[in-house]
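First residue of the sequence shown? That's 12 in my numbering, and the numbers climb one at a time after it.
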Amino acid sequence: MAEIAQLKWVVACNVDDIDEEDVIRFDHGGATYAIYRLEKGFHASDGFCTHEKAHLADGFVVNGEIECPLHQGRFDIASGQPKSAPVCVKLRTHPVRVDGDQVMIGIADKDAA
Ligand code: FES
């Protein structure tokens, strides 16, 4: 049976900190995350592209996908699935919940500091 990782919920930002169809960077516990706001809500992923070490928060949100600023590879924001070369490794996503005006991300306990 697969082990279920404990989640630690961390406040990443306020809802007003991100415009719709945009992304910001969030650093926590030595790791970097990207927090996205789409029309239907918020999402989170690891902050670095899986191709090379580029900050996805410096990229562009286009039609539910994040375009990496370095080589323009794209990932589906909700699932992390690669959508456009040269990216071919899935981007790790993280659960998000909104509590009042705070956007919180669930970080696996081994990643939480
Ligand atoms: S570093 Fe992101 S596509 Fe190359």
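No residue lacks a Cβ here, since even glycine has one placed at the ideal position from N, Cα and C.
By the Cβ rule, the segment 91-105 counts as touching the segment 53-66, because three or more pairs are nearer than 8 Å. Taking C-beta separations shorter than 7 Å and ignoring five residues to either side along the sequence, the partners of residue 17 in its chain run 120, following chain order. Our two residues, residue 85 and residue 69, have alpha carbons roughly 13 Å apart in a direct line. With a threshold of 16 other beta carbon atoms within 10 Å, residue 72 meets it and is buried. With a cutoff of 8 Å, residue 111 does not count as near ligand 1, since its C-beta is closer than that to no heavy atom of the ligand.
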